[in-house]
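Numbering (our numbering), first residue to last: 226 to 625.
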């Protein structure tokens, strides 16, 4: 009989962590009996998994989470305590699941679930850390979460940087970067057809931003850069969640708007900025893209102007199409994006530096091609299933 693994994912959103969850499940089930639990709301990830032929068990409550990470909530935010206090009332539920499933190994797919380690004392367990710690490792909350990670049999990280910052015993850790289903990201149509499909000018130098109206990922910085370049033949494509226009609000949309008041104020500020700067024709919101290869095909480069250290999965996804990335220079990304090698980096929050980097690639086709080819090589080296899962499977075999 195959040994059994219980996978627990913390969110119903699809996102980078959700895609990585699917990729890991797909690989693990070749060697193990895998059982998965995810939230049924929002339904995005559940629908995605079912389309792929994967059928997880679901729970209908918000899973308790410690949302303390770079770009997350600090201890002064009520939202942190809202998520954290849920965990107290879910201990009995998860103990029952573990008893019923009786797995040989339990994997939780995010550090925000590190509190669950204490429930797994009698079972082998692994926590996949997908987040960068905020500030100094010596901060009280960082030390507390490190102690919680010690409750797991093993801990996996996306980068050497994140491993070193967390300061765990290296004997129980492994670095396993995110990996891709390469065919999902290859250029299937070419730029001209992809642009026509999306209703975009194929003769423009198209710059892609992935993240929708997300302040953490730097949408406002991207818009300021495009405004700086408004007289150039450059278009910004914004892929990801847009916010509903007030005139088309359903009851659910209205409820979400009330709940996310700050987000809607920020969205309104963005719309006002676009109109004030006269860059309506320079910015195209293309919405959530189920097939990211289409938007990658339609652009020349990807920008990722994040405000705080954050995981940047699209930076190597676009590498499959031999295209470079322009990204904020934070220590956590330097293992995978090197300035002048497979992309360009710029100082945080500096929209003029971002604009100059975009213009540099537009005006230097040789540089654009060289960086793109190198980004492809980095993707093939660090983000293939063989490389990433080889390390993870070795650790799983070791602890099981």
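Even for Gly, the Cβ is constructed at its ideal location relative to N, Cα and C.
Report the rounded CA-to-CA distance for residue i versus residue j, giving the unit in angstroms.
i: residue 550; j: residue 605; result: 15 Å
i: residue 305; j: residue 436; result: 22 Å
i: residue 503; j: residue 494; result: 14 Å
i: residue 439; j: residue 303; result: 20 Å
i: residue 308; j: residue 522; result: 38 Å
i: residue 617; j: residue 572; result: 33 Å
i: residue 707; j: residue 588; result: For residue 707 there is no data in the structure shown, the boundaries of the chain being 226 and 625.
i: residue 228; j: residue 274; result: 23 Å
i: residue 456; j: residue 489; result: 29 Å
i: residue 300; j: residue 624; result: 34 Å
i: residue 591; j: residue 415; result: 19 Å
i: residue 338; j: residue 525; result: 38 Å
i: residue 474; j: residue 563; result: The predicted position of residue 474 is uncertain, since its pLDDT is 46 and thus under 50; a value taken from the coordinates is nonetheless stated next. For residue 474 and residue 563, the distance between alpha carbons rounds to 44 Å.
i: residue 324; j: residue 330; result: 13 Å
i: residue 470; j: residue 448; result: Confidence at residue 470 is low in this model, with a pLDDT of 46, below 50, so its placement is unreliable and the value that follows should be read with caution. Taking the straight line from one Cα to the other gives about 19 Å.
i: residue 322; j: residue 252; result: 23 Å
Going by DSSP, what residue range makes up the alpha helix (DSSP H) through residue i?
i: residue 290; result: Looking at the DSSP string, residue 290 is not in any alpha helix (DSSP H), and its letter there is neither H nor E.
i: residue 365; result: 365-374
i: residue 497; result: 486-502
i: residue 523; result: Counting along the chain, residue 523 falls outside any alpha helix (DSSP H), and DSSP gives it neither H nor E.
i: residue 229; result: Run containing residue 229: none in the alpha helix (DSSP H); it sits in the beta strand (DSSP E), 229-233.
i: residue 390; result: 385-391
i: residue 315; result: First-last for residue 315: undefined, no H or E at that position.
i: residue 422; result: 416-423
i: residue 593; result: 590-607
i: residue 358; result: Per DSSP, residue 358 belongs to no alpha helix (DSSP H) and is neither H nor E.
i: residue 434; result: Premise fails: residue 434 lies in the beta strand (DSSP E), 430-435, not in any alpha helix (DSSP H).
i: residue 304; result: 303-311
i: residue 453; result: 444-453
Spell out the partners DSSP gives residue i in its beta bridges.
i: residue 298; result: For residue 298, which the question treats as bridged, DSSP gives no partner whatsoever.
i: residue 537; result: Paired residue(s): none; residue 537 is not in a bridge.
i: residue 564; result: 568
i: residue 241; result: Beta-bridge pairing links residue 241 to no other residue.
i: residue 282; result: 262
i: residue 352; result: 333 and 380
i: residue 557; result: In the DSSP output, where bridge partners are listed per residue, residue 557 has none listed.
i: residue 272; result: According to DSSP, residue 272 bridges with nothing at all.
i: residue 464; result: 435 and 512
i: residue 529; result: 552
i: residue 459; result: 430
Quick check: is any heavy atom of the ligand NAP less than 7 Å from the C-beta of residue i?
i: residue 277; result: Judged by which ligands are present, the structure shown has none, so any question about the ligand NAP falls away.
If you drop the 5 nearest sequence neighbours on each side, which residues of the same chain put their C-beta closer than 7 Å to that of residue i?
i: residue 388; result: 382, 398 and 400
i: residue 513; result: 465 and 466
i: residue 298; result: 292, 304 and 305
i: residue 458; result: 429 and 430
i: residue 417; result: 427
Might you give, ordered along the chain, the residues of its own chain that have their beta carbon closer than 8 Å to the beta carbon of residue i, omitting 5 neighbours on each side?
i: residue 411; result: 518, 545 and 546
i: residue 315; result: 286, 288 and 289
i: residue 423; result: 462, 509, 511, 519, 520 and 523
i: residue 256; result: 227 and 618
i: residue 426; result: 420 and 460
How is the beta strand (DSSP E) around residue i delimited, first residue to last?
i: residue 260; result: 258-264
i: residue 508; result: 508-512
i: residue 546; result: Neither: residue 546 is in no beta strand (DSSP E) and is coded neither H nor E.
i: residue 338; result: Residue 338 -> no beta strand (DSSP E), and no H or E assigned at all.
i: residue 553; result: 550-553
i: residue 617; result: That residue, residue 617, is in no beta strand (DSSP E); its alpha helix (DSSP H) goes 610-624.
Identify, in the order they occur along the chain, each residue of the same chain with its Cβ nearer than 6 Å to the Cβ of residue i, setting aside the five sequence neighbours on each side.
i: residue 293; result: 366
i: residue 497; result: none
i: residue 446; result: 530 and 576
i: residue 543; result: 521 and 527
i: residue 579; result: 450, 530 and 571
i: residue 586; result: 526 and 593
Checking contacts by CB at 8 Å: is residue i closer than that to chain B?
i: residue 290; result: The displayed structure is made up of one protein chain only, and chain B is not part of it.
Stretch-stretch touch, CB-based, cutoff 8 Å, three pairs: the segment 598-618 with the segment 322-335: In this structure the segment 598-618 does not lie against the segment 322-335, because fewer than three pairs of beta carbons, one per stretch, are closer than 8 Å.
Segment contact flag, the segment 257-271 with the segment 345-358, C-beta cutoff 8 Å, min 3 pairs: Contact check between the segment 257-271 and the segment 345-358: fewer than three CB pairs, one atom from each, fall below 8 Å, which does not count as touching.
Three-pair Cβ contact test at 8 Å for the segment 554-572 versus the segment 530-537: yes
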